[in-house]
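Residue numbers (this note's numbering): 470 to 1060.
What follows is the structure in structure tokens.
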């Protein structure tokens, strides 16, 4: 971990400890004594409805956190060390010397929650779903499997993945693929009617698609495939029970779980985990205080530091935990007003990050300057922060041709023979107070130099649709990643700026593409570090994002929850490990 980050985090946690006697209960300290008890329902705050219940065609972080309890993968990450460990597979794969073949063996006895066996055929099917280029919502995930040229199942427990070229994260992503039940999602065996090779031929797949590939895609592109509680069956410790739109998502313990009692990190103590949707964090804090919510992963920092007084609210404990995440402003480079990097740099010079960190997140954050996480050795510490400097901003805007030619107070320029105002809209997801506060402050700052910026708020699912369709000017967002070496391809490669990919800001740079492509096939860490540091310099120069900060997550829990621990493994905590003393049960219908 970066030394500067460690020092900053230490100061932040020390500051927090001074105002709360409960801070010692955070981290990975044992938050409860006694013998764990199975049962009770625990309630976790969720800010908005998730995008869906199917992990292959659902891409938001909140949905993944829930799906991780229902579906399983061949490999998982150890909650403490983050090392890869077997899950559905009996061991890590056998890898050929040339890194082109990965052979996994499934553990005996694995079943889905409906009792049907989980076999190698389900793994092959799941890969074909990811690889099918006609399945729209699998696009963000698909890029990690570009080099998969074949998958075979010699027997019911063996899976062989063949790669067209080496990929240094192949084991992580092959092992990290969610396994869906073929008997439910492909009752007509459509996936048997096309090969992996056919999915790799994008031109043919789109111009003259294989009928089976097309029909399977039509099925997966239906809303019910993503949203149905009964359809989305997994093999994990929990099953979906209920999704009441705008109210709650409920998962209940899978009493037929094939691996019950054998998974160190998933003991599945709660009978049910209820994700209660409260799309206003102030209201959610009230619910925490009223003991209607047991855990809130992100409390607005002002409320965290000033309102959640654990000396008075003695039944609550609070702890700011770290994750692989960062917040940023994304500028749509395909929009004419934002297409010039000088304009984007000027906008960055109008963002007073130290002031925003102090005012909005109460110091619970560390400034970042690139898309590489500061905990990684690839992070380039030589990048100098873009300072808050309205004078530089004005000079850059003038260089880019902006001036107030008609005296209306708004900068404009001539483009293709027409006057174009420097005017755009910030897109925000409704209910996210932090992002709204940032946008409000920035629109005021921008107006001082003649920039007309407005704000538009949308519900989460619609917000995501607009990002993927590039139907926005600017937005405030955040990325969360697993604790693994850097592969920025999904978010930054030119190929991901189309077809619902995650390169929302339409960043296109040939040299950056070359660096990302070579990073993927390089197993020498020193060379990858060099590639990624040059890549960061390019992104910094282009400023498709204004990088804000890496946040600490100010979490609050009810002390009835025992064994609440934190990790770099997403989402940073695991509610299947929590338990409640029987004397403090209150939600389960029988005591």
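Note that CB positions come from ideal geometry on N, CA and C, so glycine has one too.
Bear in mind that the values here come from a model prediction, so they are computed numbers and not experimental data.
Whole-Å CB distance - residue i paired with residue j, under 8 Å assumed
i, j, result
"residue 558", "residue 581", "About 16 Å; that fails the 8 Å criterion."
"residue 614", "residue 604", "Residue 614 to residue 604, Cβ: 12 Å. No contact."
"residue 790", "residue 1021", "7 Å"
"residue 535", "residue 762", "Actually they are not in contact, since the Cβ atoms of residue 535 and residue 762 sit about 16 Å apart, beyond 8 Å."
"residue 628", "residue 565", "Contact flag wrong, Cβ pair sits at about 14 Å."
"residue 523", "residue 701", "5 Å"
Which of helix, strand or coil DSSP assigns to residue i
i, result
"residue 1012", "coil"
"residue 784", "coil"
"residue 555", "strand"
"residue 500", "Reliability of the predicted coordinates at residue 500 is poor, the pLDDT of 46 falling under 50, and no value is obtained from them."
"residue 770", "helix"
"residue 546", "strand"
"residue 929", "helix"
"residue 836", "strand"
"residue 1035", "coil"
"residue 898", "strand"
"residue 605", "helix"
"residue 482", "Per-residue confidence for residue 482 stands at a pLDDT of 36, beneath the threshold of 50, marking its modelled position as unreliable; the derived number appears in the next sentence. Note: residue 482 maps to helix in three-state DSSP."
"residue 883", "strand"
"residue 806", "helix"
"residue 982", "helix"
"residue 494", "For residue 494, the predicted model reports a pLDDT of 46, less than 50, meaning its position is unreliable and no value from the coordinates is stated."
"residue 823", "helix"
"residue 910", "helix"
"residue 565", "coil"
"residue 920", "coil"
"residue 1027", "strand"
Test item: CB-CB of residue i and residue j under 8 Å
i, j, result
"residue 609", "residue 671", "no"
"residue 510", "residue 1057", "yes"
"residue 742", "residue 538", "yes"
"residue 617", "residue 554", "no"
"residue 1032", "residue 943", "no"
"residue 919", "residue 879", "yes"
"residue 822", "residue 1018", "yes"
"residue 792", "residue 949", "yes"
"residue 1000", "residue 988", "yes"
"residue 1045", "residue 505", "no"
"residue 515", "residue 767", "no"
"residue 541", "residue 703", "yes"
"residue 1008", "residue 839", "yes"
"residue 903", "residue 736", "no"
"residue 648", "residue 699", "no"
"residue 865", "residue 811", "yes"
Minimum C-alpha distance to residue i - residue among the options
i, options, result
"residue 841", "541, 1006, 652", "1006"
"residue 690", "521, 551, 850, 1025", "521"
"residue 896", "1046, 865, 945, 954", "945"
"residue 652", "636, 586, 864", "586"
"residue 837", "722, 862, 798", "798"
"residue 592", "737, 576, 869", "576"
"residue 659", "769, 700, 687", "687"
"residue 993", "637, 567, 529", "637"
"residue 503", "1054, 1055, 1048", "1048"
"residue 1040", "951, 733, 729", "951"
"residue 772", "781, 780, 760, 750", "750"
"residue 708", "826, 932, 697", "697"
"residue 693", "806, 526, 626", "526"
"residue 721", "728, 732, 738", "738"
Residue i, enclosing alpha helix (DSSP H) - first and last residue
i, result
"residue 688", "680-689"
"residue 654", "651-654"
"residue 596", "589-600"
"residue 646", "Careful: residue 646 lies outside any alpha helix (DSSP H) and carries neither H nor E."
"residue 831", "Counting along the chain, residue 831 falls outside any alpha helix (DSSP H), and DSSP gives it neither H nor E."
"residue 818", "810-818"
"residue 952", "Looking at the DSSP string, residue 952 is not in any alpha helix (DSSP H), and its letter there is neither H nor E."
"residue 535", "530-539"
"residue 707", "Element bounds for residue 707: not the alpha helix (DSSP H) but the beta strand (DSSP E), 707-713."
"residue 757", "750-758"
"residue 863", "859-868"
Residue interval of the beta strand (DSSP E) (run including residue i)
i, result
"residue 571", "570-574"
"residue 943", "943-949"
"residue 745", "741-746"
"residue 779", "Where residue 779 is concerned, there is no enclosing beta strand (DSSP E), given that its DSSP letter is neither H nor E."
"residue 794", "794-800"
"residue 627", "627-632"
"residue 513", "510-515"
"residue 719", "717-722"
"residue 673", "Where residue 673 is concerned, there is no enclosing beta strand (DSSP E), although the alpha helix (DSSP H) it sits in stretches over 671-676."
"residue 622", "617-624"
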